[in-house]
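Encoded as structure tokens, the structure appears first; notes follow it.
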Amino acid sequence: MDGLLFFMEVVVGGLLAGTMYSLVALGFVLIFKASATFNFSQGAMVFFSVLAFCGFMQDFNIPFVLAFIMAALLMVVVGLCTERFVLRPLMNASEDTVLMATIGLGYVLEGLAQAAWGVEVRRLDLGIGDFPVPWIADNLKLFISALDITAGLVAALMIIGLFLLFKYTKIGLGLRAVADDAGAASSIGIPLKHIMLLVWSAAGVVALVAGCMWGARAGVQFALVDLALKALPVLIIGGFSSIPGAIIGGLIIGATEKVLEVYIGPFFGGAIEGWAPYVLAIFFLLYRPEGLFGEKIIRRV
Amino acid sequence: MSDNIENILDIKNIEVVYDNVILALHNVSLKVPKGKVVALLGANGAGKSTTLKAVSTMLASERGKVTKGSINYNGTSIEKQNPSQMVGLGMVQVLEGRRCFGHLTVEENIISGAYSRKLSKGDINQELEKIYGYFLRLKERRKSQAAFTSGGEQQMLAVARAMMAKPKMLLLDEPTMGLAPQLVAEIFNIVKELNQKEGVSILLAEQNTNIALKNSDYGYIIETGKVMLDGTAQSLLNNDQVKELYLGISKKGRKNFRDVLDEESLTKRNKGKNN
Chain S
3 MDGLLFFMEV
13 VVGGLLAGTM
23 YSLVALGFVL
33 IFKASATFNF
43 SQGAMVFFSV
53 LAFCGFMQDF
63 NIPFVLAFIM
73 AALLMVVVGL
83 CTERFVLRPL
93 MNASEDTVLM
103 ATIGLGYVLE
113 GLAQAAWGVE
123 VRRLDLGIGD
133 FPVPWIADNL
143 KLFISALDIT
153 AGLVAALMII
163 GLFLLFKYTK
173 IGLGLRAVAD
183 DAGAASSIGI
193 PLKHIMLLVW
203 SAAGVVALVA
213 GCMWGARAGV
223 QFALVDLALK
233 ALPVLIIGGF
243 SSIPGAIIGG
253 LIIGATEKVL
263 EVYIGPFFGG
273 AIEGWAPYVL
283 AIFFLLYRPE
293 GLFGEKIIRR
303 V
Chain Y
33 MSDNIENILD
43 IKNIEVVYDN
53 VILALHNVSL
63 KVPKGKVVAL
73 LGANGAGKST
83 TLKAVSTMLA
93 SERGKVTKGS
103 INYNGTSIEK
113 QNPSQMVGLG
123 MVQVLEGRRC
133 FGHLTVEENI
143 ISGAYSRKLS
153 KGDINQELEK
163 IYGYFLRLKE
173 RRKSQAAFTS
183 GGEQQMLAVA
193 RAMMAKPKML
203 LLDEPTMGLA
213 PQLVAEIFNI
223 VKELNQKEGV
233 SILLAEQNTN
243 IALKNSDYGY
253 IIETGKVMLD
263 GTAQSLLNND
273 QVKELYLGIS
283 KKGRKNFRDV
293 LDEESLTKRN
303 KGKNN
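Protein chains in written order, with this note's numbering: chain S, 3 to 303; chain Y, 33 to 307.
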């Protein structure tokens, strides 16, 4: 019985931790849908946004909520500048060119963030401890971190919000149209630049939320940029173009890496959760390269 | 000035170059009188699509450029416009190959056509009903995903979507490509109806010369980026050259593909002898 409970605890903990991967992956998916580009600067956006948030709070003593709103607005400005100075000049360039541009954008954001707010690791206190919730520990005998549960709830809320935005608003319809066929969308008068602006701003806000969750756990530091790369196996499993895919991919990665770490890790001397997701991703690339929910890509040659 | 009022579209001697090197149109001039249907005919690669894209300003997204000549729409030059501004001015292109939004429902596809207009929910529903009046088939399929509808339905959807933008002028790029004859007739009937009831001027690129001319007022035939022949639809239908080259009918009667092949091999053999 104890063994089963322990297994449950590992899985639930893994699933909840997985929602944090989902949050990061969500940002990638948003941009991939609209511009068919893997946004290499997403990790830098996570770092930039949460560092700015910390900076507003700690250096200027701005209250939590206001600082969060300011950081979100800053990400909208970043989206605006990206559209104007990176995407618009590259409008007719190939996807590869845009991909390279996002790498460059990542470096710019990393540099700006460190120039503005310094390089030391900052502590981010969201008022939610990374400790087991006593009520759940007492009643269900499961030790689950409050931060994990919060991350799960926040991820769920973001997903519902994005779903409603895409399904029921005019600009959401425009975005889905652009995601399906950008050329046809512009032929009927959907302005691509508005859609790009929306998507980059949304991805920026999602990055901020993801950054808060990760920052509260691991500290706000440069390593967040690389942590965001964990979203890569998530996207390979879930599919690059699917929001549900990002969520479920995150859950799968979270749960498997924890289970593998606990039960198989000891045979490898531990710490396999760093690379186990990539092994899983390789199997997906071999047998189902479009991911679980991605669209099959058919290209006329 | 009276010329501008008569012709909603006036293309004068345009030259189009792709990627700064590939010359796609040499010298194309054409006019679309207000409220008329004009057919632009020619084989694959003749420059039909390029002409339409030059007009709708969609060329830029394909690295194409109008390097000579002028295009006037409704009395103003389109030089500085972009596609969404052109839609705002009432000029909408229905792209070759339908290009419906596959993951959206039929109804969402149609509504997306009204993106450039500021309409309330009620206005949109009213417009939708009006559009469904022309496209009865689409009403039946309003809830299905566009990707799962037939080719004919997708073509109708693409036209319906464009009509939602309330165009003064439609550019139709090969609306009958790959469709069964019955559907071709159905689509042309709808196009005619839209032209007559809504007063939309139409520039139509087609390979199906016969049916296109029968449904147009005027026709232009282009080959390798040049206008070779133009005239009223009736005169083109009766023109011997057009009959022979595009309608497959020669003076001796209907000509089939084998006759052409025989002729070709004969001329080749003769050439061989001459050498």
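All C-beta atoms in this analysis are idealised placements derived from N, C-alpha and C, irrespective of residue type, glycine included.
Nearest CA to the CA of residue i: which residue from the options?
{"i": "residue 75 of chain S", "options": "S/36, S/50 and S/262", "result": "S/50"}
{"i": "residue 144 of chain S", "options": "S/135, S/152 and S/150", "result": "S/135"}
{"i": "residue 92 of chain Y", "options": "S/188, S/200 and S/180", "result": "S/188"}
{"i": "residue 120 of chain S", "options": "S/211, S/210, S/57 and S/30", "result": "S/57"}
{"i": "residue 256 of chain S", "options": "S/47, S/17, S/10 and S/4", "result": "S/17"}
{"i": "residue 186 of chain S", "options": "Y/274, Y/280, Y/158 and Y/115", "result": "Y/115"}
{"i": "residue 43 of chain Y", "options": "Y/98, Y/146 and Y/219", "result": "Y/98"}
{"i": "residue 103 of chain Y", "options": "Y/297, Y/86 and Y/119", "result": "Y/86"}
{"i": "residue 174 of chain S", "options": "Y/218, Y/141 and Y/165", "result": "Y/141"}
{"i": "residue 16 of chain Y", "options": "Y/63, Y/46, Y/54 and Y/51", "result": "Because chain Y in this structure spans residues 33 to 307, residue 16 of chain Y falls outside the shown range and cannot be described."}
{"i": "residue 264 of chain Y", "options": "Y/68, Y/41, Y/47 and Y/46", "result": "Y/68"}
{"i": "residue 27 of chain S", "options": "S/47, S/6, S/182 and S/196", "result": "S/47"}
{"i": "residue 48 of chain Y", "options": "Y/41, Y/66, Y/38 and Y/90", "result": "Y/90"}
{"i": "residue 42 of chain S", "options": "S/148, S/19 and S/101", "result": "S/101"}
{"i": "residue 51 of chain Y", "options": "Y/96, Y/39 and Y/40", "result": "Y/96"}
{"i": "residue 29 of chain S", "options": "S/260, S/164 and S/15", "result": "S/164"}
{"i": "residue 176 of chain S", "options": "Y/197, Y/122, Y/220 and Y/145", "result": "Y/145"}
{"i": "residue 2 of chain S", "options": "S/267, S/211 and S/295", "result": "Only positions 3 to 303 of chain S appear in this structure, which leaves residue 2 of chain S out of reach."}
{"i": "residue 81 of chain Y", "options": "Y/164, Y/173, Y/190 and Y/204", "result": "Y/204"}
Tell me which residue opens and which closes the alpha helix (DSSP H) that residue i is part of.
{"i": "residue 243 of chain Y", "result": "241-246"}
{"i": "residue 79 of chain S", "result": "66-83"}
{"i": "residue 90 of chain Y", "result": "Where residue 90 of chain Y is concerned, there is no enclosing alpha helix (DSSP H), given that its DSSP letter is neither H nor E."}
{"i": "residue 102 of chain Y", "result": "Unbroken run through residue 102 of chain Y is the beta strand (DSSP E), 96-105; no alpha helix (DSSP H)."}
{"i": "residue 204 of chain Y", "result": "Taken as a continuous stretch (DSSP letters only), residue 204 of chain Y belongs to no alpha helix (DSSP H), being part of the beta strand (DSSP E) at 201-205."}
{"i": "residue 377 of chain Y", "result": "The question about residue 377 of chain Y has no answer, for chain Y in this structure spans 33 to 307."}
{"i": "residue 129 of chain S", "result": "Premise fails: residue 129 of chain S is in no alpha helix (DSSP H) and is neither H nor E."}
{"i": "residue 264 of chain S", "result": "245-265"}
{"i": "residue 292 of chain S", "result": "Residue 292 of chain S -> no alpha helix (DSSP H), and no H or E assigned at all."}
{"i": "residue 268 of chain S", "result": "That residue, residue 268 of chain S, is in no alpha helix (DSSP H); it is neither H nor E in DSSP."}
{"i": "residue 56 of chain S", "result": "44-62"}
{"i": "residue 213 of chain Y", "result": "213-230"}
{"i": "residue 7 of chain S", "result": "4-37"}
{"i": "residue 275 of chain S", "result": "Unbroken run through residue 275 of chain S: none, as it is neither H nor E."}
{"i": "residue 140 of chain S", "result": "136-141"}
Following the continuous beta strand (DSSP E) through residue i, name the residue where it begins and the one where it ends.
{"i": "residue 251 of chain Y", "result": "250-255"}
{"i": "residue 157 of chain S", "result": "Here residue 157 of chain S belongs to no beta strand (DSSP E); instead the alpha helix (DSSP H) covers 148-170."}
{"i": "residue 264 of chain Y", "result": "258-264"}
{"i": "residue 61 of chain Y", "result": "54-65"}
{"i": "residue 44 of chain Y", "result": "39-50"}
Buried or exposed, going by whether 16 or more other CB atoms sit within 10 Å of the CB of residue i?
{"i": "residue 300 of chain S", "result": "Legend: pLDDT at residue 300 of chain S = 48, less than 50; position of this residue unreliable, value from coordinates given subsequently. Result: exposed."}
{"i": "residue 278 of chain Y", "result": "buried"}
{"i": "residue 212 of chain Y", "result": "exposed"}
{"i": "residue 248 of chain Y", "result": "buried"}
{"i": "residue 303 of chain S", "result": "In this predicted model, residue 303 of chain S has a pLDDT of only 40, less than 50, meaning its place in the structure is not dependable; the value taken from the coordinates is given anyway. So residue 303 of chain S counts as exposed."}
{"i": "residue 83 of chain S", "result": "exposed"}
{"i": "residue 154 of chain S", "result": "buried"}
{"i": "residue 35 of chain Y", "result": "Any reading at residue 35 of chain Y needs caution, since the residue's pLDDT is 48, under 50, leaving its predicted position unreliable; the model's value is listed next. Exposed, since its Cβ has fewer than 16 Cβ neighbours within 10 Å."}
{"i": "residue 33 of chain Y", "result": "The predicted position of residue 33 of chain Y is uncertain, since its pLDDT is 42 and thus under 50; no value can be drawn from it."}
{"i": "residue 154 of chain Y", "result": "exposed"}
{"i": "residue 273 of chain S", "result": "exposed"}
{"i": "residue 123 of chain S", "result": "exposed"}
{"i": "residue 24 of chain S", "result": "buried"}
{"i": "residue 343 of chain S", "result": "There is simply no residue 343 of chain S to check, as chain S begins at 3 and stops at 303 in what is shown."}
{"i": "residue 56 of chain Y", "result": "buried"}
{"i": "residue 111 of chain Y", "result": "exposed"}
{"i": "residue 252 of chain Y", "result": "buried"}
{"i": "residue 100 of chain Y", "result": "exposed"}
Could you tell me which residues DSSP puts in a beta bridge with residue i?
{"i": "residue 238 of chain Y", "result": "Y/73"}
{"i": "residue 177 of chain Y", "result": "Y/137"}
{"i": "residue 126 of chain Y", "result": "Y/204"}
{"i": "residue 109 of chain Y", "result": "Y/104"}
{"i": "residue 222 of chain S", "result": "S/124"}
{"i": "residue 233 of chain Y", "result": "Y/201"}
Between residue i and chain A, is there a C-beta pair that is closer than 9 Å?
{"i": "residue 193 of chain Y", "result": "Any reference to chain A falls outside this structure, whose protein chains are S and Y."}
Can you find at least 3 beta carbon pairs, one from the region 237-247 of chain Y and one from the region 69-80 of chain Y, that sit closer than 8 Å?
yes
Three CB pairs or more closer than 8 Å across the region 232-251 of chain S and the region 274-282 of chain S
yes
Is the region 108-127 of chain S touching the region 221-232 of chain S in the sense that three or more CB pairs, one from each, lie closer than 8 Å?
yes
Are at least three pairs of beta-carbons, each pair with one atom in the region 122-138 of chain Y and one in the region 155-174 of chain S, less than 8 Å apart?
no
Do the region 203-219 of chain S and the region 66-82 of chain S touch if we need at least three Cβ pairs shorter than 8 Å?
yes
Specify whether the region 180-189 of chain Y and the region 130-145 of chain Y touch according to this definition: at least 3 beta carbon pairs, one from each stretch, less than 8 Å apart.
yes
Any 3 or more C-beta pairs closer than 8 Å across the region 167-177 of chain Y and the region 225-234 of chain Y
no
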